[in-house]
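Quick notes on the structure that follows.
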Amino acid sequence: MDSIKCFFVLSAFLMPHALAASSTNRTVIFIFYETLPEQSLFIRGGLDTNLHSGCDTDEVTGDACAIPMRTRLLGTIDHYDGYNAWRAGDNFLDWHGAEAGQGSFYGAPAEGTPLVWTTSNILSPAYQELNTFGDHYWMVDMEMDCPFVEADGWFDVKGYTAPASFGWEPDVTQTACDGTIGGVSPHASVNHMARCGAVNIFEHGGSACTINAFED
Ligand SMILES: *[C@@H]1O[C@H](CO)[C@@H](O)[C@H](O)[C@H]1NC(C)=O
């Protein structure tokens, strides 16, 4: 057995629901938030803890609500240094802070899955093609295990702002979403509800939502 295969066999053994590379879909979250310079936005989330048992463990391995995923590279210039440092070793969207072994940035721990400030301004280093909206759209780009998500493909997301003194985003009351996919989540929640395999656009502390398909 070569070392690569050995790594995957070991990972599968250690992480009961680790990401299976063949069954992922690109999933993007945008959250509009005009942050202060010292703030960084993360998300926590996964399956709804009110609908599933076995989600109160502090360890993501064995947490029934933690969704296997990997974040995708959005850039290598220094604007993305925090995102890239914090996304290292982040293997799940979960309700807890940093995973064991997840990266830190200048000594600051990850507070969940990191987002990065983006703009629709093509002249900016923070430009992202999927951002057609404007400034202050924090973004994370993931390969997510959609089959692991509820059969209907909806999962919960809540902002968490670092430093941790800012913390959790307030509750929202999401109803029907606009967008080329849009729709209404079949479960009620005080969190944003997003669709796996889509581009999900929210506002921090706001109930509005837009869910778009990726354009081919
Ligand atoms: C995930 O991708 C596969 C293959 O492209 C597709 O058939 C499936 O509908 C996608 N699932 C979601 C939830 O977008």
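Counted the way mature numbering (1 follows the signal peptide of the UniProt record, and there is no 0) counts, the sequence shown spans residues -20 to -1, 1 to 196.
Cβ coordinates follow ideal geometry from the N, Cα and C atoms, glycine included.
In the DSSP assignment, what are the bridge partners of residue 211? One cannot answer for residue 211 here, as it falls past the ends of the chain, which runs -20 to 196.
Leaving out five residues before and five after arginine 24 in sequence, what residues of the same chain have Cβ atoms less than 6 Å from its Cβ? Trp75, Gly92, Lys138 and Tyr140
Using the rule of at least 16 other Cβ atoms within 10 Å of the residue's Cβ for burial, across every protein chain shown, is glutamate 109 buried or exposed? exposed
Which residue wins for smallest C-alpha separation from threonine 15, given the options Ala174, Glu149, Thr190 and Thr153? Glu149
Whose C-alpha, out of Asp121, Met173, Met122 and Phe146, is nearest the C-alpha of aspartate 132? Met173
In the DSSP output, what is glutamate 14 paired with across the bridge? Beta-bridge pairing links glutamate 14 to no other residue.
Contact check, tryptophan 66 vs glycine 77, beta carbons under 7 Å: no
Tell me where the alpha helix (DSSP H) around asparagine 64 begins and ends. 61 to 67
Local Cβ density within 10 Å of leucine 54, reported as buried at 16 or more and exposed below that: buried
Between the CA atoms of serine 20 and serine 145 - distance to the nearest angstrom: 12 Å
By how many angstroms is the C-alpha of isoleucine 57 removed from the C-alpha of tyrosine 86? 16 Å
Uninterrupted beta strand (DSSP E) stretches inside the stretch 117 to 196 (no shorter than 3 residues): 117 to 125, 134 to 142, 172 to 175, 179 to 183 and 189 to 192
Candidates Thr160, Val129 and Ala90, of which the one nearest threonine 4 by Cα: Val129
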